[in-house]
Each structure stands twice: as C-alpha cells, then as structure tokens.
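The opening position of the sequence shown corresponds to residue 983 in the numbering used here, with each subsequent residue numbered one higher. A virtual CB, placed ideally from N, CA and C, is assigned to each residue, including glycine. Owing to the predicted nature of the structure, the values given are computational and were not obtained by experimental measurement. These notes are about the structure you will find just below.
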Amino acid sequence: MTSNVKDLDTMLDPLIIQESGEVYRNPTQVQMSQIVLPCHANHCGELSAGQLLKWMDSTACLSAERHSGVSCVTASVDDIHFEHTIGVGKVVNITAKVNRAFTSSMEVGILVTCEDLYTARQWKVCHACATFVARRTGAGKVQLKQVIPHTQMEQMEYSLAAERRRMRLIHAEIITDILSSSTAQLGECQEYEDAVRAERTRVESVELVLPPHANHQVSTFGGQIMAWMENVATIAASRLCNAHPTLRTIEMFHFRGPSHIGDRLVLKAIVNNAFKHSMEVGVCAEAYQGGEPLRHINSAFMTFEVLDSDRKPRTLPRLRPEPVDGKRRYQEAIARKKIRLDRKYITSCKQTEVPVSVPWDPSNQMYLSYNNVSALKLMDTRNNWVLTSEKNKVRLYTLEEDHMLFFKVEMNVSVPAEQTFHLLSDLRRRKEWDRHYEECEVINQADEDDTLYRIATPSVTKGGKGQDFILLASRRKPCDSRCVVSILAISVLVKLFTGLMLYFLPTSFLGSIMTLSSLGSLRDPYLIALRSVTLPTHPPTDDYSRGEVLCAGFTIWEESSTITKITYYNQATPGVLPYISTDIVGLSSAFSSSFSACSQFLEANKYG
Ligand code: COA
Ligand code: ADP
C-alpha cells in the first residue's frame, strides 16, 4: 500500500510558514541525513537496501518515541517500492513523522530522498508507512496522546491513516483467503526444459543478536532484522540469475513477536517464482535461544530485477519449483503478483487518472474499498471550496481543479449521527427521498461494510433511455468511538471556554486556544463512499445507458448528540462538465430540493 506524497517540497521542508505568519514544525518530525560510504554499499557501489531499511527504521522509531515518550517497537511495515538505487557519495535524507496515534500504536510516514551534493538535485527514493507500538508498561497497554494535524497535508494523512490501519489489520487474513482461492484455479505449474532448479537458490543463514543490534531495552531493532532478511534474499536472487539483482519491492509484513539480545536468528530464503523481468524471493526469519523451539518472527516477500548496462530489466531464467511446498509457493507467487499489480493500479492512481469503472472481483475488493474511502476522505480534506448557493439551509459548494468539477452539499439535521448513518448507508432506502433513484437492488454483499448495488435512474428527456449504475458502496464508522467521545467532550469544553474567555483575554492568548479548538477536526466522520465498478454478471444493456460515478458519498459528522452535519460529495465526470457548468442555478435548485427531502426522510425515521 503506498501513500500519496503530494508535494515533495512540503514533505522535505520541516518548517512551514502558516497564513498567520507563524513558523510551524511538526513536533513528531525527525530527520536523518547520511553520506553513503563504501562501507554502506554493495560491490556495485550502490547503497545496500538492508542498510537503508535500518536507517528508515531507526528514524521512524525515534519519531514514534518522540510522540509517545516511551520506548517503541516496529509492529509492521507496509509495502515499500524503491524507485531508484543510491550510489556511493550521495546523501540519503530520511524524514519521519507520526501521521496518527491510535491506542498503543502509531502510523509513522517515512520519506526517503537522495541528494547529489554537486548539483543540489534531490529526488524521491521511496515512501513507506510503518506501525510502531509503545511498549507495555507495568500498568499494561499504553494509551497514547492524539496527534493534532495542523496543515491540510497532515489532516489528509491523519484521515487516511485510519483507512490504512483497517487494511493492515485484515491484510494477512485476506491474502490467505485470496491465495487459497486463486491458487486452486491456477492448476499445474508449467514445466520448462532449461529452468533453474529452485533448490539451487535456497539460502539458510544464522545471526547472533548482539548489543549493537538491539536498543537499550535489549530488543532487536526491526530494521536490523529486515537488513538480515534482505541479505539472504539477495543471495537467493543472485543464485537464480548469476548476476547482481536490484530490490524493487518489499510486501507488507508484520513482526509477529519480539527478538532479544542472545537470540539466534535463522534466516531462510528461496526464489518462489521467476517471471519475465522480475522474481519473487520469500524469506522467513525464526529465532531461538538454547534448546527452545523456533519462534516465527517474520516472513517477507521481495521482488528483484536484474538491470542491464542501460538500466533496463533483463529477461530472467525460468524456475523449476521443488515438489509440494515449492509448487505451492510458485503458485502463490503468481497470485501475489496479480494482487500486487491490481493494488498498484487501484491505490496508486490519482482519482483523476483512474478509468472511471474498475472491474470488481473478490481479489481486489480490499484495495477497491480502500481506494473508494480514501478518495472521499481526500475530497473531505480539501479546503478551497467556493460557496455557490444556499437555499433552505442547504449549502452548495463547488470546486474546479485540473478540468474536474467537484460538488459539496452541506446541511444539518436534528437526527443522531449513528441513525443518520444507518439510514443513508442502505442505498435501497434512497428512493424514499431521491426521485433519481428509481430502482436499487443489492447485487453482492461483499462484506459487512462493502455492498455492490445496481441503481437505475429515470430518463431526463421524454421517451429517452434511463441510466443505470453499478456502484460499490463502502461504509465506515468512526475509527475509534472511545477516542471520538473524549475528543468531542474536549472540543465542546474548548468551545465553551473560548466563548467565555473572549470577554476577558487578550487576542494573542486566544490564538493558541483557537489552535486547540482545531481538536474538533480530530474526529472521524461516519462515511459512505460510492464509486462505479464493472461486473461481468451485470454488463450494460440496451434498455439503459450505463452511467459512471468517479467518487461520491456522504460524510456524517456528530455535532452534538442530536445535531448531525451531513456533507454530500460528488465528483463530476469530465463528460457531464459542459452541461453542469452552464446550469449551476438549476443544479443548486435540484440539490436543494433533494436534500430537503432527505432531511424530512431522516427526521421521519429518526426513531428507527
Ligand atoms: N500491523 C499494524 N499494527 C498491528 C498489527 C499489524 N499487523 N498487529 C497488531 N497491531 C497493533 C494493534 O492494532 C494494536 O494497536 P492499538 O493498541 O493502537 O489498537 C497494537 O498493535 C497492540 O496490539 P495487541 O493486540 O495489544 O497486541 P498483539 O498481541 O497483537 O501484539 C505486537 C502486537 C506488535 C506488540 C506484537 O506482535 C509484537 O511484540 N511484535 C514484535 C515487535 C518487535 O519486537 N519488533 C521489533 C523487531 S522483532
Ligand atoms: P510457507 O508457508 O510458504 O513456508 P513461510 O511464512 O514459512 O511460508 O515462509 C515465507 C517464505 O520464506 C516462503 O515463501 C519461502 O520463500 C521462504 N522459506 C520458508 N521456509 C524456507 C526454507 N526452509 N528454506 C528456504 N526458504 C524458505
């Protein structure tokens, strides 16, 4: 899973001058700069990926510890994609900051850039998200203080962190399900005469964990384990191609249990499959002390390429897997490659670049759902909306950017947020207030939070065809209700306090309180995200023209126990743009009547 790095300059510059003129630096931000020396490099003069992983882990750990004030361990690292190699003599700059704290865990964003000191050029090498957990104290699990986002970028990362966390926690389970169903469909492995026997690539290596490999709490550094894993994976990859391999990607992984000084770490690697230009190497790390049984610490899957003299990937030899486990891993590597490509396609595209409808299937469900919710969250963090009209207390905002038109409709209702969410998230009930929803059927209940619907809308012209849509609806409750309640309470207190103090305090003091009142933005809303997908079971028919929704949905904010703010977003597809921009008045009137009807529907059903 990659995160959007919107603006390299903003990420690189730790100091941001705010509109107020104040200089702001994220308090959790930590930077590390290292000159790449020959002792950090491999025989080709490139920084070893293992050394880079150690630096990334240390920088991120220091950021997590700066926020938490206690010692932290690496729990997991999301997918890392290395865009460039780094030569000896270059400077590596690593910036880490805590995007969000949950209960005892934190998501830390890590940006790595490479700098050429002679030309002053800087370029991005990779971006990663790691999760660190505050070590338990005698009193049990640590309850971390919240991160308060100050800039729009921080607000966006804060919001997306909740969605990434959700995906991380279900990742292992989902991947196991997908692998077992997709490898069953793949059938027998193909036999190639000239293939290299997988056994030839097998590596087993042991490491003794010594004090320099561990922190002051005697726990082995996660980065050190990753470096040892990368070392054996590189040997396995080299054995396949008899050349120097370049690490491209590491898949998301989880440190299942701790390792300490005195542990013997057994690292095993083998090439699982070789494709035309890339190979997958699997690595397993296990620990033991004395006569104790092996403890499984971590398994990782790394993708390598072999570059020719023009830095283009070379064609790789085929692999002949070993029987049983080898054949299973060979098939699993094919399934993982498909998942990786789907995911890269779905999660890395900007909303404006994705073809409107993406095929839905159970193997890409997790990523489509992530993409659906993230797109809505990104729209929700935009702050340059223009108020276009206000009618019956329904406010319509628009925003035009990169030839795209976005709408936001906002209103308050006297219905509790949870009930509002419950009523709006069942799209079948929308026809009770939206005359555009003529028919709505559930096609597939993908999981508890994701549903596929077919929706039919009437024709806008007499005798013309109606439109139909295949929509993925992804709904989310706030990330952590306990945290929302306490933050709500704080923000209400802050509002009250600010109101009273207005009469007694100088304005400079009020400025800092106003920052505190931004605590309100820490809340997560309830979300209902909608996007078009395609399904082979529901192709377009002659009776309807198939419509598409890029990104739409509701965010539902609990203003108080009885008042809820509903925001509806819609991103117009480029095709309808010319019609809409010439009829903004008609549109605002249509929105106003639909949302007034929505408000009446919610009020009428507020008691269930
Ligand atoms: N990815 C990200 N976070 C994860 C996770 C994963 N795969 N699995 C668990 N977590 C988070 C949980 O969400 C929870 O966060 P929260 O408190 O903010 O809700 C936190 O870890 C603790 O979870 P809990 O259920 O209390 O503990 P656990 O038994 O699942 O243990 C670890 C989680 C990470 C503490 C445990 O697996 C561990 O000690 N791993 C080794 C860590 C280490 O030593 N790393 C260095 C190299 S070995
Ligand atoms: P698996 O169920 O495939 O063994 P593991 O999590 O134990 O999964 O291992 C992850 C990867 O580590 C495997 O896909 C394989 O590439 C590598 N691996 C596991 N065991 C060995 C071994 N004994 N020798 C070499 N490589 C191994």
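- The residue among R1221, V1191, G1239 and S1581 with its C-alpha nearest the C-alpha of A1209 is V1191.
- For T1537 and S1578, the gap between their C-alpha atoms comes out near 17 Å.
- Between S1050 and L1126, the alpha-carbon positions lie close to 6 Å from each other.
- Here A1180 is near I1252, since their CB atoms are less than 9 Å apart.
- Within a 10 Å sphere around the beta-carbon of G1027 sit fewer than 16 other beta-carbons, which makes this residue exposed.
- Here C1422 is bridged, per DSSP, to I1437.
- Proximity to the ligand COA was defined by a C-beta distance below 6 Å to any of its heavy atoms, and the residues meeting it, in sequence along the chain, are V1055, T1056, A1057, S1058, F1084, T1085, S1086, S1087, T1113, V1115, K1123, R1150, L1151, S1201, T1202, G1204, I1207, H1236, F1237, R1238, G1239, P1240, S1241 and I1279.
- Residue burial annotation: T1433 is buried, with at least 16 other C-beta atoms found within 10 angstroms of its C-beta.
- Between the stretch 1099 to 1106 and the stretch 1084 to 1091, the count of Cβ pairs shorter than 8 Å is below three; the stretches do not touch.
- Exposed is the label assigned to V1188, since fewer than 16 other Cβ atoms lie within 10 Å of its Cβ.
- Between T1077 and T1041, the C-beta gap is smaller than 9 Å, which places the two residues in contact.
- Distance from the C-beta of N1394 to the nearest heavy atom of the ligand ADP is not below 8 Å.
- Contact between the stretch 1056 to 1070 and the stretch 1214 to 1231 is present: three or more C-beta pairs spanning the two stretches fall below 8 Å.
- Runs of the alpha helix (DSSP H) lying entirely within the stretch 1027 to 1067 and spanning at least 4 residues, in chain order: 1031 to 1050.
- Of the other Cβ atoms in all chains shown, 16 or more fall within 10 Å of the Cβ of Q1137; this residue is therefore buried.
- Spatial neighbours of Q1199 in its own chain (CB-CB distance under 6 Å, excluding positions within 5 residues in sequence) are listed in chain order as S1053.
- In this structure, N1254 has its CB closer than 8 Å to one or more heavy atoms of the ligand ADP.
- An exposed status is given to K1294, since fewer than 16 other beta-carbon atoms sit within 10 Å of its beta-carbon.
- Closest in alpha carbon position to R1412, among P1522, P1398, D1431 and R1436, is R1436.
- Within the same chain, Cβ atoms closer than 6 Å to the Cβ of E1047 are found at C1054, the five residues on either side in sequence being excluded.
- Bridge partners of T1228 according to DSSP: E1287.
- Taking one beta carbon from each stretch, the stretch 1253 to 1264 and the stretch 1312 to 1321 have 3 or more pairs nearer than 8 Å; the two touch.
- Between the ligand ADP and D1307, a heavy atom-to-CB distance of less than 8 Å is present.
- It is roughly 27 Å from the alpha-carbon of E1004 to the alpha-carbon of M1361.
- With respect to R1528, P1522 sits close: the two C-beta atoms are nearer than 9 Å.
- Secondary structure of M1088 (DSSP, three-state): strand.
- C1461 sits in coil when the DSSP states are folded into three classes, being neither helix nor strand.
- Here the alpha carbon of R1410 sits roughly 7 Å from the alpha carbon of E1423.
- Nearest to G1204 by C-alpha distance, out of V1185, R1184, A1215 and P1240, is P1240.
- At least one heavy atom of the ligand ADP is found less than 8 Å from the C-beta of V1185.
- Inclusion of Y1508 and F1403 in the CB contact set at 9 Å is warranted, their separation being smaller than that value.
- Boundaries cannot be given for V1191, as no alpha helix (DSSP H) includes it and DSSP labels it neither H nor E.
- The Cβ neighbour count for Y1352, taken over all protein chains shown within 10 Å, is at least 16; the residue is labelled buried.
- Listed as beta-bridge partners of N1255 by DSSP are E1262.
- Assignment of beta-bridge partners to P1341 by DSSP yields T1516.
- Counted as a single uninterrupted DSSP element, the beta strand (DSSP E) harbouring W1105 occupies residues R1103 to A1116.
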